[in-house]
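Heads up, the thing below is written out as structure tokens.
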Amino acid sequence: SSRTARSEEDRDSLWDAWGSWSECSRTCGGGASYSLRRCLSSKTCEGRNIRYRTCSNVDCPPEAGDFRAQQCSAHNDVKYQGQFYEWLPVSNDPDNPCSLKCQARGAALVVELAPKVLDGTRCYTESLDMCISGLCQIVGCDRQLGSAVKEDNCGVCNGDGSTCRLVRGQYKSQLSANKLDDTVVAIPYGSRHVRLVLKGPDHLYLETKTLQGVKGENNLSSTGSFIVDNSSIDFQKFPDKEILRISGPLTADFTVKIRYAGAADSSVQFIFYQPIIHRWRETDFFPCSASCGGGYQLTSAECFDLRSNRIVADQYCHYYPENIKPKPKLQECNLDPCPASDGYKQIMPYDLYHPLPRWESTPWTACSSSCGGGIQSRSVSCVEEDIQGHISPVEEWKCMYTPKMPVVQPCNIFDCPKWLAQEWSPCTVTCGQGLRYRVVLCIDHRGMHTGGCSSKTKPHIKEECIVPTPCYKPKEKLPVEAKLPWYKQAQELEEGAVVSEEPSFIPEAWSSCSVTCGVGSQVRLVKCQVLLSFSQSVADLPIDECEGPKPVSQRACYSGPCSAEATEYTPEETDLLYGSLQEFDELYDWEYEGFTECSESCGGGVQEAVVTCLNKQTRETVDETLCVMSRRPPQLLKACSLDPCPPR
Numbered sequence: 001s002s003r004t005a006r007s008e009e010d011r012d013s014l015w016d017a018w019g020s021w022s023e024c025s026r027t028c029g030g031g032a033s034y035s036l037r038r039c040l041s042s043k044t045c046e047g048r049n050i051r052y053r054t055c056s057n058v059d060c061p062p063e064a065g066d067f068r069a070q071q072c073s074a075h076n077d078v079k080y081q082g083q084f085y086e087w088l089p090v091s092n093d094p095d096n097p098c099s100l101k102c103q104a105r106g107a108a109l110v111v112e113l114a115p116k117v118l119d120g121t122r123c124y125t126e127s128l129d130m131c132i133s134g135l136c137q138i139v140g141c142d143r144q145l146g147s148a149v150k151e152d153n154c155g156v157c158n159g160d161g162s163t164c165r166l167v168r169g170q171y172k173s174q175l176s177a178n179k180l181d182d183t184v185v186a187i188p189y190g191s192r193h194v195r196l197v198l199k200g201p202d203h204l205y206l207e208t209k210t211l212q213g214v215k216g217e218n219n220l221s222s223t224g225s226f227i228v229d230n231s232s233i234d235f236q237k238f239p240d241k242e243i244l245r246i247s248g249p250l251t252a253d254f255t256v257k258i259r260y261a262g263a264a265d266s267s268v269q270f271i272f273y274q275p276i277i278h279r280w281r282e283t284d285f286f287p288c289s290a291s292c293g294g295g296y297q298l299t300s301a302e303c304f305d306l307r308s309n310r311i312v313a314d315q316y317c318h319y320y321p322e323n324i325k326p327k328p329k330l331q332e333c334n335l336d337p338c339p340a341s342d343g344y345k346q347i348m349p350y351d352l353y354h355p356l357p358r359w360e361s362t363p364w365t366a367c368s369s370s371c372g373g374g375i376q377s378r379s380v381s382c383v384e385e386d387i388q389g390h391i392s393p394v395e396e397w398k399c400m401y402t403p404k405m406p407v408v409q410p411c412n413i414f415d416c417p418k419w420l421a422q423e424w425s426p427c428t429v430t431c432g433q434g435l436r437y438r439v440v441l442c443i444d445h446r447g448m449h450t451g452g453c454s455s456k457t458k459p460h461i462k463e464e465c466i467v468p469t470p471c472y473k474p475k476e477k478l479p480v481e482a483k484l485p486w487y488k489q490a491q492e493l494e495e496g497a498v499v500s501e502e503p504s505f506i507p508e509a510w511s512s513c514s515v516t517c518g519v520g521s522q523v524r525l526v527k528c529q530v531l532l533s534f535s536q537s538v539a540d541l542p543i544d545e546c547e548g549p550k551p552v553s554q555r556a557c558y559s560g561p562c563s564a565e566a567t568e569y570t571p572e573e574t575d576l577l578y579g580s581l582q583e584f585d586e587l588y589d590w591e592y593e594g595f596t597e598c599s600e601s602c603g604g605g606v607q608e609a610v611v612t613c614l615n616k617q618t619r620e621t622v623d624e625t626l627c628v629m630s631r632r633p634p635q636l637l638k639a640c641s642l643d644p645c646p647p648r
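Written as structure tokens, this is what we have:
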């Protein structure tokens with residue numbers, strides 16, 4: 001960057017200082033002025049030796065005429081091909097707008113009388129862009145070269161369109177025997193971009209009334225452009241249609257009327273931008289509420305008529321929905337302490353500054369939704385603090401000098417967690433009917449595996465599939481289940497935990513079953529881990545740093561019967577093969593099933609509790625080998641037959 005700065009400095013040092021600005025090319029209507037500088041080097045200097053700026057940006061009087069037309073008329077006393085002509089300007093040439101093309105009055109002769117118009121000539125009649133040295137340069141509504149600032153539809157430079165309103169509508173003629181004409185629409189003074197289209201046999205005409213009360217009428221009898229009360233009118237007349245355009249702003253009140261000319265109905269569509277002539281205007285501050293010791297004073301707003309320059313009733317400003325009444329402003333006043341003799345309470349020196357009333361809010365309520373967008377609210381009130389520091393509520397207008405804080409705001413606008421289903425596994429068989437699996441994850445708005453998805457909307461992780469290849473073997477009683485890794489992956493992701501910024505137990509994958517058939521066991525490592533947000537890495541912590549129950553690190557597993565004939569399955573084995581994702585030690589457990597008969601019929605005996613291995617889902621007794629992973633309950637005995645035996 002330092003080399004670039006030096007190169008620019010070296011480049012500029014080859015030039016002499018800029019000279020003074022030339023006289024403006026025009027005295028009104030917007031012209032151009034230039035400034036020159038000299039190259040001090042024997043070699044070529046980088047950059048330009050001339051610069052331009054706009055000048056004389058004031059409107060010309062109506063009698064001044066068009067600047068391009070003045071340049072054409074300057075050739076009226078010069079013969080062209082041996083003959084004198086009265087030349088009229090040819091504007092809006094799309095190919096070369098900065099050449100001086102003129103047309104001979106009353107003839108079709110169009111001639112380029114000069115390759116370049118004078119600096120400051122408008123490139124196009126409806127644009128502020130101007131020709132400088134034969135090139136069309138962009139000019140904004142701020143009259144600055146190269147500026148892209150434009151007028152809004154209300155005619156305000158760089159405005160927001162708030163000072164006018166769009167009016168559009170349609171009129172349909174209603175023929176009457178005793179009615180020759182009718183009013184289509186009244187367009188008030190100052191309106192812009194007026195356009196009316198009549199379709200039908202009737203004709204449009206205009207009535208005008210200036211602000212001074214002078215009335216006028218124009219019959220619009222032929223196609224052309226003309227001036228009506230200093231407003232430029234463009235009118236086109238066709239056999240079955242008439243089009244009226246007025247760029248504006250209108251310099252009088254226009255009333256567009258229709259004159260009936262045939263038995264058929266006509267319709268008129270109109271559109272224009274109407275200025276909001278009644279505006280709110282802020283007043284000065286009212287007198288202070290106290291003569292000393294600190295008080296308040298407010299502003300107000302009054303409705304002002306821009307045409308008559310007088311204050312009118314508020315209802316005129318309320319007529320426009322776009323008109324928003326400004327809120328009153330409040331400020332302190334008369335802060336000097338009051339004399340002790342005037343009956344006021346004496347103000348102590350430390351209380352010379354009396355704080356203004358202020359907005360005070362309660363905390364936000366909890367969000368109405370944990371995700372997907374909710375709302376939270378709070379109450380906002382205007383309060384005032386006295387000299388003892390006591391805070392009390394006051395009227396809201398006292399705080400209106402600053403905007404009131406919002407009472408409702410959106411919250412938790414991120415998307416809710418949703419299920420993400422991955423691709424299906426291949427079918428578990430090579431012929432006939434089988435099963436296929438997929439992993440279904442609950443994903444949050446950051447794309448991370450999380451919880452919180454509704455189980456009701458979870459896509460299924462298993463479905464039947466059919467391989468069109470026919471099987472040449474007896475059909476099995478049950479569909480063949482998926483082998484690892486698909487079923488195991490689906491199960492473990494279902495149960496898995498995600499590392500977060502809070503310490504949590506993170507189990508690793510289960511080991512392989514300790515046996516190849518029958519009931520065995522599996523183990524896994526369970527760590528206490530935390531996600532370090534600043535480095536996005538995972539750190540191991542001591543086990544006691546994690547709260548909550550620690551996931552089990554050992555469970556039972558069943559690898560099928562050890563018999564070579566594996567086509568028939570017991571109900572318990574089938575449940576293990578095709579059941580849910582529950583653990584074996586959760587599915588089977590020891591339970592007491594009553595007591596044995598008493599060892600004696602009298603004189604005191606004992607009963608022993610009967611312990612069985614039970615399927616907790618079906619409540620059926622199963623083989624004790626299925627409960628090997630559960631602790632067998634202790635032996636229970638109880639006394640019985642305590643009545644004495646009868647004598648023999």
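Position 538 of the sequence shown, counted from 1, bears residue number 538 in the UniProt record's numbering, the numbering being contiguous throughout. By construction, the Cβ of each residue, glycine as well, lies at the ideal position given by its N, Cα and C atoms. Just so it is clear, the structure is predicted and the values come from calculations on it, not from any experiment.
Check	Outcome
Name the residue from P406, V408 and W359 whose alpha carbon lies nearest to the alpha carbon of residue 719.	A query on residue 719 cannot be resolved here, the shown segment of the chain reaching from 1 to 648 and no further.
Cβ atoms of C136 and G120: under 9 Å apart, would you say?	no
Alpha carbon to alpha carbon, what distance is there between F270 and L244?	9 Å
With a threshold of 8 Å, are at least 3 pairs of Cβ atoms found where one atom belongs to the segment 15 to 29 and the other to the segment 47 to 60?	yes
Among Y171, R555, C513 and L198, whose alpha-carbon lies nearest the alpha-carbon of V185?	Y171
Does the count of Cβ pairs from the segment 151 to 168 and the segment 222 to 240 closer than 8 Å reach three?	no
By DSSP's criteria, L204 is part of a beta bridge. Which residues make up the other side?	I258
Can you tell me the Cα-Cα spacing of Y350 and F286, whole angstroms?	Here the model assigns Y350 a pLDDT of 33, short of 50, so the residue's position is not dependable and the matter cannot be decided.
Return the chain-ordered ranges of every beta strand (DSSP E) run that is complete within the UniProt domain "ADAMTS/ADAMTS-like cysteine-rich" (83 to 164) and spans a minimum of 3 residues.	87 to 89, 100 to 104, 110 to 114, 130 to 132 and 135 to 137
How would you call H203, buried or exposed, if buried means at least 16 neighbouring beta carbons within 10 angstroms?	buried
For E510, collect the residues of the same chain with a Cβ closer than 6 Å to its Cβ; drop the 5 residues on either side in sequence, then sort them by chain order.	Here the sequence assigns Trp to residue 510, which means Glu is not the residue at that position. Once the five neighbours on either side are set aside, the close Cβ partners of W510 are Q522 and R524.
Given V149, which residues of its chain have a CB within under 8 Å of its CB, disregarding the five upstream and five downstream residues?	G140, C141, D142, C157 and N158
State buried or exposed for L40, treating a residue as buried only when at least 16 other CB atoms are found within 10 Å of its CB.	exposed
Taking just the CA atoms, how far does C382 sit from P393?	6 Å
From what residue to what residue does the beta strand (DSSP E) around C303 run?	A301 to D305
Which one of L642, W18 and C431 has the shortest CA to CA distance from C465?	C431
Please classify H390 as buried or exposed, where buried requires at least 16 neighbouring CB atoms within 10 angstroms.	exposed
Compute the Euclidean distance between the alpha carbons of K488 and K638, then round it to the nearest angstrom.	With a pLDDT of only 46 at K488, under the threshold of 50, the placement of this residue in the model should not be trusted; the figure read from the coordinates follows. The straight-line gap from Cα to Cα measures roughly 46 Å.
Distance check for D93 and W403, CA to CA, integer angstroms please.	For the sequence presented, residue 403 should be read as Pro rather than Trp. Taking the straight line joining both Cα atoms gives about 53 Å.
When DSSP labels each residue in this structure, what does C292 get in the three-state scheme?	coil
Taking 9 Å as the cut-off, decide whether the C-beta atoms of C557 and G520 are in contact.	yes
Using only CA atoms, which one of D59, G82, L441 and A114 lies nearest to A74?	A114
Note down the Cα distance separating L541 from I443, rounded to an integer number of angstroms.	26 Å
Within the continuous beta strand (DSSP E) that includes Y80, where are the two ends?	First-last for Y80: undefined, no H or E at that position.
What residues in its chain sit with their C-beta under 7 Å from that of R259, if we drop five residues either side in the sequence?	L180, D181, D202, H203 and Y205
With distances taken between CB atoms, is the gap from L330 to C399 smaller than 9 Å?	yes
With contact counted as at least three CB pairs below 8 Å, one residue from each stretch, are the segment 409 to 427 and the segment 372 to 381 in contact?	yes
What residue range is occupied by the uninterrupted alpha helix (DSSP H) comprising D314?	D314 to H318
Helix, strand or coil: how does DSSP classify L40 here?	coil
Alpha carbon to alpha carbon, how far is S91 from P97?	7 Å
When the Cα atoms are used, what is the spatial distance from E597 to Q607?	6 Å
Within the same chain, show all residues whose beta-carbon is closer than 6 Å to that of Y569, passing over the 5 residues directly before and after it, in chain order.	For Y569, the predicted structure reports a pLDDT of 44, less than 50, and the residue's modelled location is therefore unreliable. A value from the coordinates is still provided. There are no such residues.
Cβ atoms of K550 and F505: under 9 Å apart, would you say?	yes
Quick check on DSSP: helix, strand or coil for Q70?	helix
Are the C-beta of E207 and some C-beta of chain C separated by less than 9 Å?	Although the question refers to chain C, the structure presented lacks it and comprises just one protein chain.
Which whole-angstrom value describes the C-beta separation of K591 and T618, a residue pair presumed to lie in contact below a C-beta threshold of 8 Å?	Checking the sequence shown, residue 591 turns out to be Glu, not Lys. Not quite, the Cβ-Cβ distance comes to about 13 Å (not below 8 Å), so this is no contact.
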